[in-house]
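Asks: I'd like to ask you about the structure that follows.
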């Protein structure tokens with residue numbers, strides 16, 4: 009075994025969550041090691057995501073975590089001199105009539121948190137993205153929402169962490185975890201890292217990583233397919249647009265359109281093979297709302313599949329394990345890890361530094377909710 013250094017923290021996972029944790033921890037003076045199974049950063053869920061960020065939620069906690077993070081992304085280049093590709097090109101929700109009143113209540117909550125969001129009638133919404141208005145009560149438009157470059161952001165976090173002395177090890181899949189006294193030893197092949205704290209930021213593998221330590225973290229992979237039209241298929245820009253009636257969502261990537269939607273019968277498990285039959289079903293589902301979509305030429309070579317890291321209630325798990333307070337989970341974000349990564353990194357650092365997270369009430373994200381049966385799906389607008 010190599011590397012006898014004792015670290016303050018070992019972070020398992022170099023996706024956007026793990027990278028943010030490493031950055032914030034190193035900024036606070038902690039000696040940090042990052043272990044990543046893959047050959048580079050953001051090669052799992054982060055790099056295969058839809059790369060979109062939003063602060064439009066129907067609950068206060070996710071709204072606050074997301075809005076703080078989006079502002080962090082917004083200010084990233086001014087603060088660190090690194091362009092992470094943040095583009096506030098908007099996020100449009102098309103809301104069915106039956107859900108319109110609830111959406112208006114959500115807008116009130118979002119505005120109370122300082123989120124810039126507009127309420128649009130159907131005519132105004134159609135000027136942003138063309139759609140058939142049948143059954144749509146209205147739309148909401150997040151003007152600071154948009155997208156970032158997940159690879160640039162993750163690598164920027166890691167570069168900043170390295171600049172403060174962090175060590176980042178790739179091709180280091182964790183295969184054993186032991187604890188002696190107050191120290192954890194996390195082994196990855198012929199490398200062993202000893203640290204006072206472990207951050208479980210292993211994404212869809214977080215449950216397996218926790219299991220190596222004898223802990224239970226209910227996180228599973230769930231495939232999401234992203235389909236693409238041919239480059240040049242679009243004549244005008246389409247911002248992130250979500251039809252809440254069907255779950256179909258889309259956005260421009262250059263002059264190409266990306267579109268997706270969760271498959272209701274998807275079986276949990278790691279799978280990044282593209283589901284071509286689902287593409288046909290999805291196009292049929294989208295045809296009534298976006299009839300122009302089905303006329304666009306497709307490019308199979310530009311399609312891909314990644315995975316969400318889902319929990320039973322589609323909300324993240326953040327904080328110290330009740331059995332092992334030096335084991336801190338930062339996982340299970342169920343598709344919104346990219347959105348909330350900056351703030352999660354800050355909060356994990358607060359836990360390590362002070363022994364508790366007190367700057368915001370994170371009890372809704374505690375692991376104990378699964379152990380006590382107090383599961384309540386507070387997250388809305390999950391797709």
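Numbering (the working numbering), first residue to last: 9 to 391. All C-beta atoms in this analysis are idealised placements derived from N, C-alpha and C, irrespective of residue type, glycine included. In this text, all values refer to a predicted model and were calculated from it rather than measured experimentally.
Measure the alpha-carbon distance for residue 345 versus residue 142 and round it to whole angstroms.
Replies: Working through the chain shown from its first residue, we reach residue 345 at position 337. Working through the chain shown from its first residue, we reach residue 142 at position 134. Approximately 33 Å, taken between the alpha carbons.
Asks: Using 8 Å as the threshold, is the stretch 352-365 in touch with the stretch 27-41, meaning 3 or more CB pairs across them?
Replies: At 8 Å Cβ cutoff, the stretches touch.
Asks: When you compare only the Cα positions, how much space is there between residue 391 and residue 250?
Replies: For the purposes of this step, residue 391 is identified with residue 383 of the chain shown, where counting begins at 1. For the purposes of this step, residue 250 is identified with residue 242 of the chain shown, where counting begins at 1. Note that residue 391 scores a pLDDT of 42, beneath 50, so its modelled location is shaky; the value from the coordinates is reported in the next line. Going by the C-alpha atoms only, they are around 9 Å apart.
Asks: On the DSSP bridge list, what partners appear for residue 205?
Replies: On the chain shown, residue 205 is found 197 positions in, with the first residue counted as 1. DSSP output for residue 205 lists 17 as bridge partner(s).
Asks: Considering just the uninterrupted stretch of the alpha helix (DSSP H) at residue 109, what are its terminal residues?
Replies: Position 101 of the chain shown, counting from 1, holds the residue named residue 109. Counting along the chain, the alpha helix (DSSP H) containing residue 109 begins and ends at 108-120.
Asks: Considering only the beta carbon of each residue, do residue 209 and residue 311 sit closer than 8 Å?
Replies: Looking up residue 209 in the chain shown gives position 201. Looking up residue 311 in the chain shown gives position 303. No.
Asks: Could you give the first and the last residue of the continuous beta strand (DSSP E) run that contains residue 339?
Replies: The sequence position of residue 339 within the chain shown is 331, counting from 1. Counting along the chain, the beta strand (DSSP E) containing residue 339 begins and ends at 335-339.
Asks: Could you check how far apart the C-beta atoms of residue 41 and residue 175 are, in whole angstroms? I think they sit under 8 Å.
Replies: Counted from its first residue, the chain shown places residue 41 at position 33. Counted from its first residue, the chain shown places residue 175 at position 167. Yes, they are in contact, since the Cβ atoms of residue 41 and residue 175 sit about 5 Å apart, within 8 Å.
Asks: Nearest-angstrom Cα distance between residue 46 and residue 212?
Replies: Start at 1 with the first residue of the chain shown, and residue 46 comes out as number 38. Start at 1 with the first residue of the chain shown, and residue 212 comes out as number 204. Between residue 46 and residue 212, the C-alpha separation is close to 13 Å.
Asks: Taking DSSP as the reference, what is the three-state secondary structure of residue 54?
Replies: Translated into positions along the chain shown, residue 54 becomes position 46. Coil, per DSSP.
Asks: How far does the beta strand (DSSP E) with residue 104 in it reach, from first residue to last?
Replies: The count along the chain shown starts at 1 and reaches residue 104 at position 96. Looking at the DSSP string, the run of the beta strand (DSSP E) that includes residue 104 is 99-104.
Asks: Distance check for residue 326 and residue 81, CA to CA, integer angstroms please.
Replies: Numbered from 1 along the chain shown, position 73 holds the residue referred to as residue 81. Numbered from 1 along the chain shown, position 318 holds the residue referred to as residue 326. Approximately 20 Å, taken between the alpha carbons.
Asks: Please report the Cβ distance between residue 147 and residue 128, rounded to the nearest whole angstrom; I am assuming they are in contact, meaning their Cβ atoms lie under 8 Å.
Replies: On the chain shown, position 139 is the one that residue 147 refers to. On the chain shown, position 120 is the one that residue 128 refers to. So it is a contact: roughly 4 Å between Cβ atoms.
Asks: By alpha-carbon positions, which one of 53, 186 and 347 ends up nearest to residue 75?
Replies: Locating residue 75 in the chain shown gives position 67, counting from the first residue. Ranking the options by Cα distance to residue 75, first place goes to 347.
Asks: Under a three-way DSSP split, which group does residue 235 fall into?
Replies: Position 227 of the chain shown, counting from 1, holds the residue named residue 235. It is a strand residue.
Asks: Suppose contacts are defined by Cβ-Cβ distances below 8 Å. Is residue 177 in contact with residue 373 by that definition?
Replies: By one-based count along the chain shown, residue 177 stands at place 169. By one-based count along the chain shown, residue 373 stands at place 365. Contact: no.
Asks: Check whether the Cβ atoms of residue 64 and residue 118 sit closer than 8 Å, and answer yes or no.
Replies: Position 56 of the chain shown, counting from 1, holds the residue named residue 64. Position 110 of the chain shown, counting from 1, holds the residue named residue 118. Closer than 8 Å, so yes.
Asks: Among 231, 91 and 369, which one has its Cα closest to the Cα of residue 268?
Replies: By one-based count along the chain shown, residue 268 stands at place 260. When each option's Cα is compared against that of residue 268, the closest is 231.
Asks: DSSP state of residue 86, grouped into three classes?
Replies: For the purposes of this step, residue 86 is taken as the residue at position 78 of the chain shown. Of the three classes helix, strand and coil, the one that applies to residue 86 here is helix, per DSSP.
Asks: Would you kindly work out how many angstroms separate the C-alpha atoms of residue 283 and residue 277, rounded to a whole number?
Replies: Position 275 of the chain shown, counted from the start, is the residue given in the question as residue 283. Position 269 of the chain shown, counted from the start, is the residue given in the question as residue 277. Near 14 Å, if we compare the C-alpha coordinates of residue 277 and residue 283.
Asks: Check residue 9 in the structure and name its three-state DSSP category.
Replies: Here residue 9 refers to the residue found at position 1 of the chain shown. Annotation note: pLDDT 45 at residue 9 (below 50); position unreliable, no value reported.
Asks: Count the other CB atoms, across all protein chains shown, that sit within 10 Å of the CB of residue 113; report buried if there are 16 or more and exposed otherwise.
Replies: Locating residue 113 in the chain shown gives position 105, counting from the first residue. So residue 113 ends up on the exposed side.
Asks: Ignore the nearest five residues each way along the sequence and tell me which others in residue 218's own chain have a CB closer than 7 Å to its CB.
Replies: The count along the chain shown starts at 1 and reaches residue 218 at position 210. So the qualifying residues of the chain are 208, 224 and 225.
Asks: Which first and last residues belong to the beta strand (DSSP E) in which residue 5 is found?
Replies: This structure cannot settle anything about residue 5, because the visible part of the chain is limited to 9 through 391.
Asks: Could you pull the start and end residues of the alpha helix (DSSP H) that residue 131 belongs to?
Replies: Counting from one through the chain shown, the residue named residue 131 turns up at place 123. Element bounds for residue 131: 130-136.
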